[in-house]
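2 protein chains.
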Amino acid sequence: MALYRTIADKLARQIQQGAFQPGQRLPSVRVLAQRMAVSVSTAVAAYQLLERRQLVAARQKSGFYVIPPAALPAPARAPGLRPARLQLSGRVAAVFANVREPSLTPFGLALPAPDYWPAAALRRAAGAVRRDAFSRSLAFTAAPGDFGLRRQIAMRMLQAGCLQSPEDVVVTNGCQEAVTLSLRLLTSPGDVVAVESPCYYGFLLALQSLNLRVVNIATDPLTGLDLGQLQRAAERWPIRACICSPGCSNPTGAGMDENARARLLALARRCDFHIVEDDILGELAHGETRPPALKARDSDDRVLYCSSFSKSVAPGIRIGWVAAGRHRQRLIELMTANSSAAAGFSQLLMREYLQSGHFDKHLARIRREYRGNLQMALATIGRCFPPGTRATSPRGGFLTWVELPRGLDAHTLYERALAEKISIVPGGVFARKGFQNCFRLSCALPWSSAVNAALERLGRLASRL
Amino acid sequence: MALYRTIADKLARQIQQGAFQPGQRLPSVRVLAQRMAVSVSTAVAAYQLLERRQLVAARQKSGFYVIPPAALPAPARAPGLRPARLQLSGRVAAVFANVREPSLTPFGLALPAPDYWPAAALRRAAGAVRRDAFSRSLAFTAAPGDFGLRRQIAMRMLQAGCLQSPEDVVVTNGCQEAVTLSLRLLTSPGDVVAVESPCYYGFLLALQSLNLRVVNIATDPLTGLDLGQLQRAAERWPIRACICSPGCSNPTGAGMDENARARLLALARRCDFHIVEDDILGELAHGETRPPALKARDSDDRVLYCSSFSKSVAPGIRIGWVAAGRHRQRLIELMTANSSAAAGFSQLLMREYLQSGHFDKHLARIRREYRGNLQMALATIGRCFPPGTRATSPRGGFLTWVELPRGLDAHTLYERALAEKISIVPGGVFARKGFQNCFRLSCALPWSSAVNAALERLGRLASRL
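For the record, the sequence lines run as chains A and B. For the first sequence, position 218 matches number 217 in numbering that gives the first Met the number 0, and the numbering has no gaps at all. For the second sequence, position 303 matches number 302 in numbering that gives the first Met the number 0, and the numbering has no gaps at all.
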């Protein structure tokens, strides 16, 4: 990474951590250059990058100042709902369909924009598969999936602190099938499953289609699942499984710290429920390395770890997996009964791509980009949204969860935004109840001035609610 | 097709239809040439082809004689079982795993051998996708799937007599997911589903995993479902759905005639159940054209039509579909909840391949090959298996259902065959009970003399049971 970028990132972190307060003047270019032992032009470049990211503003002849960022939202109130079957309204399906309309500025789409796919490296990998293994790509590769791919996946999981053998891995059609199969393995219709609230709506769809009863657990937008509430729920109701995303939650971007993860696992053991760990955003942690997955601490296969490459590589490849441990054989049977196998070409494409060694380079790039995009989005939200608006500042992924002042209706904002060719996902989609004044904003698109202008427009729409 | 092939095929059909009896002398080369208005050398070539297919044998200075073919098995006895949940034994999973062992002569594998994939045309199509639509292949193509592919599929369905619009088609991960989603749409756990007996074991796995109760309907290896028994079952039990393969059944190769199809649909209307039509072997009808699907007669969306390209193109592509009509919206929701979408590359590959116009040429070739392979297999079975062995002579696909004389155990034969590097699938796998003396034999592999020798070896193993 260029030196000025490293310095800009360090400063951005210090700003986020509060070392420099909103409105505060930053060190002069000369002082920064001296302190960091770099040239003045490097210091200037670092400030200019922060300016482009809208974290700092230059004032004539006075230096650079911290722009007030959006504040973090308050922890979600405890929904305190009894377990119940879901009856998602037609609104959810409509939102699903609308956010994919290609003419919109896609703040509603939690998928990386094409600019963030490693398209050239994937094309090379596709060429290699077509040239050297095409016949194999046409052959039936039954569950658990191609061995070479499973080996690559097991190696990736090492970086998440998980010692899995290729035998532990079952390849699926994306993370959605991984989670669906895990739920089918762990539960019967009518069973109670605990979910984060707010929770990714794909999981709510799966829970509804499997006729499971859902209990919502309040989830702090910063620190994740409210473990006290989860414990009370588990003492009161026969919870069979808990779906959660300890690394980086969709929609809030919340992450659980080491201590909370240990407590979650201990609670699962004590109250005898399983955990379906969704780690689809795990590879997008903003740091140099990713924190260990919950699965890394799992000694008795209480965690079914689910992930895919849809957020970290490209969404159309549809290769996901479950690290299922001792549940492996039953999971293979369920996979065979559900869809038989994942596509041969996709399996070999991902194997080839992972073998090429390009993934880490790609991750370093998109982690940096997403962090930068989020910083810029938060700065714009701070400037352009109604006073009292709060937004999460996640340590991974590309999503921020925006809480409008109470009384403002995010579904109305979503509808008015659609009319102005902007998509967001209103909060009501992510739970049975509540979050009417919240929405999810995705920053997985190159942050051009047009994109920033769209966000400013969204802010003006919100101000007029 | 070469003229001698056309003549050989006509003669083969006459032999199968009983116009020439086993042991009977066929017309002399001179008479045949005269009757068909061809040269003597063409007539000789036709007889030599039939000889290679082991339908006729030459006797020195006496001409060509009909080799006794294997007889058709008697209709399966009515299983007469009450609806019950399935508890498939570990045997099924073991068979599943064993038949895929690549070192075996794969009579157990109901998948086309690589020689029967249109690999060159698919490679061209893959090249075109990689060159012209690679970025699109990496994009998320949500359910119901790529429009161009759905248009091609709707056009294919015209050939099966079905007037479907692209809007009616929902693309799935193979036929297995198509059938699973259809079952989930039509039933709740505990509901009763009627199945053919014997029935494809993938469907039994799906029914078991969905916790459905199954009632077996006797299925004639020639004419398909016993409609009288289906009617009695529907009058007695609350049947919600019936899975069947009216075009060509797996494992028996049975097909229902026009009259039986009309009666089946009328029965479904009268007793108010739905039909999940599995037409995965439908394109492999041995005639010049394929008969219409059951769906073609369906005026009130009582039939959910499921298929894929796994048997007709290549098994690793994993593109299936449901023609769901008015159930479309709910099916899209279930697909979204189950696995989100099918792989982008596979969808575009199949679209490109179907657009290329190669499919019909390919089908003409494999239909001819499978018919020839089945003829040769039946001749060998007639010569080499214990007296009293019967085998079906299907009008489509590549499967024959072999019934050994009563008392001979096909599971033992399966085990001994494995030891000799030959796979078959024993009949017990295809039902809750019965079929102990039956097995499924797949002829989707080039009929070399080594393959024929393996079948002869299998016959010797059967004789020693």
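Even for Gly, the Cβ is constructed at its ideal location relative to N, Cα and C.
Check whether the Cβ atoms of Q435 of chain B and A461 of chain B lie closer than 9 Å to each other.
no
Which residues bound the beta strand (DSSP E) around H410 of chain A?
Run containing H410 of chain A: none in the beta strand (DSSP E); it sits in the alpha helix (DSSP H), A409 to A418.
Can you check whether the C-beta of R149 of chain B is within less than 9 Å of a C-beta belonging to chain A?
no
Pull up the distance between the alpha-carbon of R366 of chain A and that of G286 of chain A, whole angstroms please.
8 Å
Excluding the 5 residues preceding and the 5 following V321 of chain A in the sequence, name in chain order all residues of the same chain whose CB lies nearer than 8 Å to its CB.
V168, V169, T171, A177, L180, S181, L303, Y304, C305 and L330
If you draw a straight line from the alpha carbon of N372 of chain A to that of K9 of chain A, how long is it in whole angstroms?
Straight-line Cα distance between these residues: approximately 16 Å.
Using 9 Å as the limit for Cβ to Cβ distance, is Q518 of chain B near chain A?
The shown model of chain B, from 0 to 464, leaves out residue 518 of chain B, and the question about it has no answer.
Counting only beta-carbon separations shorter than 9 Å, does E368 of chain A have a partner in chain B?
no
Looking at the unbroken alpha helix (DSSP H) that takes in V169 of chain B, where does it start and where does it end?
Per DSSP, V169 of chain B belongs to no alpha helix (DSSP H); it is in the beta strand (DSSP E), V168 to N172.
Going by DSSP, name the residue or residues bridged to G395 of chain A.
A:A284
Can you find a C-beta in chain A that's less than 9 Å from the C-beta of I242 of chain B?
no
Among the residues of its own chain, which have a CB less than 7 Å from the CB of V28 of chain A, if the five just before and after it don't count?
Excluding residues within five positions, the ones whose Cβ falls inside 7 Å are V39, A42, V43 and Y46.
Per-residue burial, P117 of chain A [other beta carbons within 10 Å of its own, 16 or more giving buried]
buried
Please check if any C-beta of chain B sits within less than 9 Å of the C-beta of P291 of chain A.
Using a CB distance cut-off of 9 Å, P291 of chain A does not count as an interface residue toward chain B.
Quick one: measure Cβ to Cβ for Q328 of chain A and L148 of chain A, integer angstroms, because I've assumed they're closer than 8 Å.
Contact doesn't hold; Cβ gap of about 19 Å is too wide.
Helix, strand or coil at Y64 of chain B according to DSSP, with G and I counted as helix:
strand
Residues of chain B with CB under 7 Å from W116 of chain A, in chain order?
L137
Boundaries of the beta strand (DSSP E) in which S218 of chain A is found, first to last residue:
Before going on, a small fix: residue 218 of chain A reads as Thr here, not Ser. Where T218 of chain A is concerned, the enclosing beta strand (DSSP E) stretches over R212 to D219.
Can you find the residues in the same chain that come closer than 8 Å, C-beta to C-beta, to P188 of chain B, ignoring five residues on each side of it along the sequence?
Listed in chain order, the non-local C-beta contacts of P188 of chain B below 8 Å within the same chain comprise L209, N210 and L211, local neighbours out to five positions each way being set aside.
Answer yes or no: do L398 of chain A and L280 of chain A have a C-beta to C-beta separation smaller than 9 Å?
yes
Could you name the residues of chain B that E332 of chain A contacts, counting a contact when the two beta carbons are closer than 8 Å?
A92, L204 and S208
Any beta-carbon of chain B closer than 9 Å to the one on L348 of chain A?
At least one chain B Cβ lies under 9 Å of L348 of chain A.
Can you tell me whether R218 of chain A is buried or exposed? The criterion is at least 16 other CB atoms within 10 Å of its CB, across all chains shown.
Here residue 218 of chain A turns out to be Thr, not Arg, going by the sequence shown. T218 of chain A is buried by the Cβ-count criterion.
In angstroms with no decimal places, state the Cα-to-Cα distance between F139 of chain A and S441 of chain B.
16 Å
Under the rule that 16 or more other beta-carbon atoms within 10 Å means buried, what is M156 of chain A, buried or exposed?
The residue in question, M156 of chain A, is buried, as its Cβ has 16 or more Cβ neighbours within 10 Å.
Which of helix, strand or coil does DSSP assign to P425 of chain B?
If DSSP states are grouped into helix, strand and coil, P425 of chain B belongs with the strands.
Spatial distance of F63 of chain A from A125 of chain A (CA atoms):
47 Å
Going by C-alpha to C-alpha distance, which of B:R456, B:S448, B:R431 and B:A452 sits closest to A193 of chain B?
B:R431
Buried or exposed: K310 of chain A, going by 16 or more other Cβ atoms within 10 Å of its Cβ?
buried
According to DSSP, L303 of chain B sits in a beta bridge with which residue or residues?
B:V275
Meets three-Cβ-pair contact criterion under 8 Å: the stretch 415 to 434 of chain A and the stretch 384 to 397 of chain A:
no
Beta-carbon separation (whole angstroms), S134 of chain A vs P445 of chain B, contact threshold 8 Å
Between S134 of chain A and P445 of chain B the beta-carbon gap is near 15 Å, outside 8 Å, which marks them as no contact.
Nearest to G61 of chain A by CA position, among A:L25, A:F358, A:L85 and A:V91, is which residue?
The question names Gly, but residue 61 of chain A is Ser in the sequence shown. For S61 of chain A, the closest alpha carbon among the candidates A:L25, A:F358, A:L85 and A:V91 is that of A:L25.
Euclidean distance between Cα positions of R129 of chain A and M375 of chain A:
Looking at the two C-alpha atoms, the distance is approximately 41 Å.
Return the residue from the list B:P245, B:G252 and B:F344 that minimises the CA-CA distance to N258 of chain B.
B:P245
Measure how close the beta-carbons of D299 of chain A and R239 of chain A come, nearest whole angstrom, since I'm counting them as under 8 Å.
At roughly 16 Å, the Cβ-Cβ gap does not stay under 8 Å, so D299 of chain A and R239 of chain A are not in contact.
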